[in-house]
Every structure is written in C-alpha cells, then in structure tokens.
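Numbering (this note's numbering), first residue to last: 387 to 666.
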Amino acid sequence: MNEYAGSRRLTVGKVALYAVGYALAIAIAFPVIWMIVTSFKPQGSLVADISQRFSPPFSIENYVYIFENAPVLKWTLNSMIVSCIIPVASLTLGSLAAFALSRIDFSYRKVAFWIILGGMMIPGEATIISLYIVTNGLNLLDTYFALILPSLAGPLGVLVMKQFFDGIPDELVDAAKIDGCSMFRIWWNMFLPLSKPVLASLMIFSFLGSWNDFLWPFLSITSEELMTLPVGIPFFNSSYTQDETLPMTINAYASIPIIIVFIIFQKYIVKGITLSGIKG
387 MNEYAGSRRL TVGKVALYAV GYALAIAIAF PVIWMIVTSF KPQGSLVADI SQRFSPPFSI
447 ENYVYIFENA PVLKWTLNSM IVSCIIPVAS LTLGSLAAFA LSRIDFSYRK VAFWIILGGM
507 MIPGEATIIS LYIVTNGLNL LDTYFALILP SLAGPLGVLV MKQFFDGIPD ELVDAAKIDG
567 CSMFRIWWNM FLPLSKPVLA SLMIFSFLGS WNDFLWPFLS ITSEELMTLP VGIPFFNSSY
627 TQDETLPMTI NAYASIPIII VFIIFQKYIV KGITLSGIKG
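What follows is the structure in structure tokens.
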C-alpha cells in the first residue's frame, strides 16, 4: 500500500513537473509564433484580435517587399562576417590566455588572473565612452575593425576555459613534455581537442551575442552599407510605424539564423555547461 502511494505521488509529481515545463515552453514560444504569423499577414490587414491574426489571408509579399526596399542582404552579410570572425578569434586568443594562466608559471600570474576576473565585474556600457574615444583616435570608426576588435577580449571565455584546463591531469602534460612537445603543441594537440564541448558552447554564446549586439555597432557605424541587422532593423522600422506587419517581417527574418543555430547546437550548449566546471 505504501509503495503504491509512493509511486502515485511520484507520478503526480512528474505530471505536475511536465505541465509546468510545457506551460513555460508555450509562454516562451508564443511571442515567436505571434511574430512569424504576423509577418505573413498582408499589409493593412485587420489584426485587432487573435482570431483575425491567426486566420487567412496569408502572403509572402512582406518578405519580398523588405528585400526590394532595404539592403537586408547586405546587413545580413555584415552580421555574418562579424558573428563568425568574433567567436573564432576571441576563443583562439582566450584559449591561449587560459592555457598560459593554467599551465605556464610566470611572474604575476595571479595578478593577471584577478585583473581578467575584474573585467567581468565592469558593465560593458561603462566602457563605451572610453572605447569610442580610443577607436576614434585610431581612425577605426565606421569600419569592420570597429565592429570586431573590441569584442576579442572576452574575460568569460578565458575564465571558463582556464577552469576546464585546470582539470586536465598533470600526467598528460608531463608525458607530452617527455615526448618533446612544445607548449604550443600541447595547447594545440592536447588541450583544444579535449575542450571541444566547452569551446563549442562558448562559440555559440559568442555568435549569438555578436549577432544580437546593438549598442556598440549603433555607435561605431554611420554608413548604411556597414550596418548589421540589429542596427538596420530600427533604421528600416522607423518608416513603418503605422503597420506592424513589416517590422514583424524583418524581425522574423533576423531571428532565423538564431533559431537554426539553437536547434542544431543546443546539445553542445548543455554539454559545454556541464563539462566547463561551473558550480553553484
């Protein structure tokens, strides 16, 4: 009797847990569904209530319109260039820094570690003015370098990878040194392959952050041909404040790469967080 009651309580608990999970999933997905459905409504359609919004007619004319009347493809290309270069370059530099902090004994190593750790405690917005002055002094404003270079020094990736590198047994490193491997070869042939899950998760987060970044590209870029999608969307939407279908269309288009990346690489995000050594 007691075993049956315990099994029943466990089943009820699981049902409640699943119900809460599905409710949260629906609550999170509903705005995305709302945006996508609205993007297929013809301009000027009546969308005063939910029944009108989710009922025909539907059309792809809004997507045709945004490609014909705005340099959306150019903005997409700029976003892809920035969002692909930043993760690769920043993680390469970050993994080198993490390897040095973890395995190379040099003077003031702890001081360097605490300086990097302190970088996480300063909001990015607090450095915008100084970053703008430096970039302007180097004549890099309104260039790809202005979009890419400030994002290469990310303290989070260094700290996460250092924590992972610290967990690699010293015996492996000693064996590699006995075989004549240099420190660079140990980093390249041993540490990077072992840290693929962590690198994959950090690369995904870096890609998403670069794709969605608005403030710094908005301040550093003035020409329309160098705008990224997050900057170009408000520039396009400012002409269509009366009808929500076009703004929803261009926002739905900009969300496609993020959704694809998440669907394909979601397992790496979970696995990377699990193996990165992050503890509560």
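Heads up, the beta-carbon is just placed ideally off N, CA and C, and yes, glycines get one too. Nothing here was measured: the structure is a model prediction, and the numbers come from that model.
{"Check": "Go ahead and pull the three-state DSSP assignment for Ile649.", "Outcome": "helix"}
{"Check": "Please classify Met589: is it buried, with 16 or more other beta-carbons within 10 angstroms of its beta-carbon, or exposed?", "Outcome": "buried"}
{"Check": "Looking at Phe453 and Phe426, is the spacing between their C-beta atoms short of 8 Å?", "Outcome": "no"}
{"Check": "Verify whether the separation of the beta carbon atoms of Leu667 and Asn464 is less than 8 Å.", "Outcome": "A query on residue 667 cannot be resolved here, the shown segment of the chain reaching from 387 to 666 and no further."}
{"Check": "Rank Ile467, Ala415 and Val423 by C-alpha distance to the C-alpha of Leu594 and give the top, closest one.", "Outcome": "Ile467"}
{"Check": "Please work out which residues of its chain come closer than 7 Å, Cβ to Cβ, to Leu542, disregarding the five sequence neighbours upstream and downstream, and give them in chain order.", "Outcome": "Met506"}
{"Check": "How would you label Pro397, buried or exposed, when you count the other beta carbons within 10 angstroms and need 16 or more for buried?", "Outcome": "Here residue 397 turns out to be Thr, not Pro, going by the sequence shown. By the neighbour-count rule (16 or more Cβ atoms within 10 Å), Thr397 is not buried but exposed."}
{"Check": "Three or more beta-carbon pairs under 8 Å between the segment 637-654 and the segment 491-498, yes or no?", "Outcome": "no"}
{"Check": "Using the rule of at least 16 other Cβ atoms within 10 Å of the residue's Cβ for burial, across every protein chain shown, is Asn448 buried or exposed?", "Outcome": "buried"}
{"Check": "Buried or exposed: which applies to Ala500, given that a residue is buried once 16 or more other Cβ atoms fall within 10 Å of its Cβ?", "Outcome": "For clarity, residue 500 is Trp in the given sequence; the question names Ala instead. When all chains shown are included, Trp500 counts as exposed."}
{"Check": "How is the alpha helix (DSSP H) around Tyr518 delimited, first residue to last?", "Outcome": "Ile514 to Gly523"}
{"Check": "Among Trp602, Leu533 and Ile572, whose alpha-carbon lies nearest the alpha-carbon of Ile471?", "Outcome": "Leu533"}
{"Check": "Which two residues bound the contiguous alpha helix (DSSP H) that contains Pro428?", "Outcome": "Per DSSP, Pro428 belongs to no alpha helix (DSSP H) and is neither H nor E."}
{"Check": "When the Cα of Leu477 is compared with those of Ala638, Gly618, Trp573 and Phe440, which residue comes out closest?", "Outcome": "Trp573"}
{"Check": "Which residues in the same chain as Phe485 place their Cβ atom closer than 7 Å to its Cβ, once the five residues preceding and following it in sequence are excluded?", "Outcome": "Phe551, Trp573 and Phe577"}
{"Check": "Smallest Cα separation from Ile419: which of Phe622, Met634 and Gly523?", "Outcome": "Met634"}
{"Check": "Starting from the C-beta of Ile664, find all residues in its chain whose C-beta is less than 8 Å away, skip the five residues before and the five after it, and write them out in chain order.", "Outcome": "Residue placement at Ile664 is flagged as unreliable, the pLDDT there being 45, under the threshold of 50; the coordinate-derived value follows with that caveat. These residues qualify, in order along the chain: Val546 and Gln549."}
{"Check": "Which value, in whole angstroms, describes the spacing of the CA atoms of Ser592 and Ala475?", "Outcome": "11 Å"}
{"Check": "Tell me which residues share the same chain as Leu615 and place their Cβ nearer than 7 Å to its Cβ, disregarding the 5 neighbours each side in the sequence.", "Outcome": "Trp461, Thr462, Ser465 and Ala640"}
{"Check": "Would you call Val617 buried or exposed, if buried means 16 or more other Cβ atoms sit within 10 Å of its Cβ?", "Outcome": "buried"}
{"Check": "Return the first residue and the last residue of the alpha helix (DSSP H) that Asp667 is part of.", "Outcome": "A question about residue 667 goes unanswered here, because the residues of the chain that appear run from 387 up to 666."}
{"Check": "Cβ of Ser624 within 8 Å of Cβ of Thr521?", "Outcome": "no"}
{"Check": "Would you kindly work out how many angstroms separate the C-alpha atoms of Pro583 and Gly540, rounded to a whole number?", "Outcome": "18 Å"}
{"Check": "Taking 7 Å as the limit between beta carbons, can you name the residues of its chain near Leu487, skipping five residues before and five after?", "Outcome": "Arg495, Ala498, Phe499 and Lys548"}
{"Check": "Could you compute how far the alpha carbon of Val406 sits from the alpha carbon of Ile502?", "Outcome": "39 Å"}
{"Check": "State the Cα-Cα distance for the pair Thr631 and Phe622, rounded to the nearest angstrom.", "Outcome": "13 Å"}
{"Check": "Here's the rule I'm using: 16 or more other beta-carbon atoms within 10 Å means buried, otherwise exposed. How should Val544 be labelled?", "Outcome": "buried"}
{"Check": "Helix or strand or just coil, what does DSSP make of Tyr654?", "Outcome": "helix"}
{"Check": "What separation, rounded to the nearest whole angstrom, lies between the Cα atoms of Gln438 and Leu527?", "Outcome": "46 Å"}
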